[in-house]
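Colleague:
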Amino acid sequence: DTEVTQTPKHLVMGMTNKKSLKCEQHMGHRAMYWYKQKAKKPPELMFVYSYEKLSINESVPSRFSPECPNSSLLNLHLHALQPEDSALYLCASSQEARGGLEKLFFGSGTQLSVL
Amino acid sequence: AQTVTQSQPEMSVQEAETVTLSCTYDTSESNYYLFWYKQPPSRQMILVIRQEAYKQQNATENRFSVNFQKAAKSFSLKISDSQLGDTAMYFCAFMTGSQGNLIFGKGTKLSVKP
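So the protein lines, in turn, are chains U and A. The first sequence begins at 33 in the working numbering and counts up by one. The second sequence begins at 11 in the working numbering and counts up by one.
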């Protein structure tokens, strides 16, 4: 199994809602990542988890709250988002977080629309 | 700061022909890695090819090969025998040896025409 599964595929939420994005992998990877991709732009790193601990936070606003409850699962909790947060949210995993030594496996993303 | 530049926003190629996508980068690091990712309409980012900066030999993966010119900081992707399934957005990306931050270029949209 070389898949990274993201749910839901599409999400529409209001600015006062609380929602969560979910990412799952069963490849035994110990590093997991959240990327944000605005329309017609490249992905930008948000968070990196290594061995279930947050190792990189790229100055992301606190309305985005990541969680890694176990080595297979990564969540992104969303609260009080703004319309400009509308984007494709991509999850990725790799064996470890060793930079360029690693091959990242990406999911197909969650397309988020904030109204 | 590291930057990655892709100067071709869009390209097209006929099926079975060869196409080259350009990428330049800027860094003061000596230990780094370069990648080409494709993003088809399914939106999943798929690794096409990877090059270690310390290796002089150009990486190849089946129909995909790179021309890595370290002194010129250039990293182009050649796709031979183009297929309809190669239609996608192609991103050139850079990562240092130790950090988990992939820095992407703005992408080149490739269309393969029958």
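Don't be surprised by glycine CBs; every beta carbon is placed ideally from N, CA and C. Remember, it's a predicted structure, so these values are computed and weren't measured experimentally.
May I ask you to list the residues that DSSP assigns as paired with Q38/U?
Modeller: Counting from 1 along the first sequence, the entry for residue 38/U is found at position 6. Answer by DSSP bridge pairing, in chain order: C55/U.
Colleague: Under 8 Å Cβ-Cβ, which residues of chain U neighbour S52/A?
Modeller: As a working note, residue 52/A is residue 42 in the second sequence. In chain order: S140.
Colleague: Does L57/A come within less than 8 Å of chain U when only Cβ atoms are used?
Modeller: For this step, residue 57/A is matched to residue 47 along the second sequence. Chain U contact via Cβ: present.
Colleague: Per DSSP, S121/A is paired with what?
Modeller: Position 111 of the second sequence, counting from 1, holds the residue named residue 121/A. DSSP lists S22/A as partners of S121/A.
Colleague: Using 8 Å as the limit for Cβ to Cβ distance, is G60/U near chain A?
Modeller: If you number the first sequence from 1, residue 60/U lands on position 28. So, not an interface residue.
Colleague: Assuming contact is defined by CB atoms lying nearer than 8 Å, are C100/U and L106/U in contact in what I supplied?
Modeller: For this step, residue 100/U is matched to residue 68 along the first sequence. For this step, residue 106/U is matched to residue 74 along the first sequence. Yes, they are a contact pair.
Colleague: Beta-carbon within less than 8 Å of L147/U's beta-carbon, same chain only, minus the 5 sequence neighbours each way: which residues are those?
Modeller: Position 115 of the first sequence holds residue 147/U. Counting only Cβ-Cβ distances below 8 Å, and skipping sequence neighbours, we find V44, M45, G46, M47 and P115.
Colleague: Looking at the unbroken beta strand (DSSP E) that takes in T97/A, where does it start and where does it end?
Modeller: The count along the second sequence starts at 1 and reaches residue 97/A at position 87. No beta strand (DSSP E) contains T97/A, which DSSP labels as neither H nor E.
Colleague: In chain U, what lies closer than 8 Å to G115/A by C-beta?
Modeller: On the second sequence, position 105 is the one that residue 115/A refers to. The contacting residues are P74.
Colleague: Return the CA-CA distance between N49/U and L77/U, expressed in angstroms with no decimal places.
Modeller: Start at 1 with the first residue of the first sequence, and residue 49/U comes out as number 17. Start at 1 with the first residue of the first sequence, and residue 77/U comes out as number 45. When rounded, the distance between both Cα atoms is 24 Å.
Colleague: Assuming contact is defined by CB atoms lying nearer than 8 Å, are A63/U and S91/U in contact in what I supplied?
Modeller: Here residue 63/U is taken as the residue at index 31 of the first sequence, counted from 1. Here residue 91/U is taken as the residue at index 59 of the first sequence, counted from 1. No, they are not a contact pair.
Colleague: For A82/A, tell me which candidate among T34/A, V122/A, P19/A and K88/A has the shortest Cα-Cα distance.
Modeller: Translated into the one-based positions of the second sequence, residue 82/A becomes position 72. Nearest option by C-alpha distance: T34/A.
Colleague: Checking 8 Å against the spacing of the C-beta atoms, do S104/U and H42/U come in under that value?
Modeller: Here residue 104/U refers to the residue found at position 72 of the first sequence. Here residue 42/U refers to the residue found at position 10 of the first sequence. No; because the gap between Cβ atoms is not below 8 Å, this pair is not in contact.
Colleague: Quick one: list the residues of chain U neighbouring F101/A, beta-carbon separation under 9 Å, in chain order.
Modeller: What you label residue 101/A is simply residue 91 of the second sequence in a count that begins at 1. In chain order: P74 and P75.
Colleague: Can you tell me which of the three DSSP states V106/U falls into?
Modeller: Taking the first residue of the first sequence as 1, we reach residue 106/U at position 74. Residue identity check: residue 106/U is Leu in the sequence provided, not Val. Strand.
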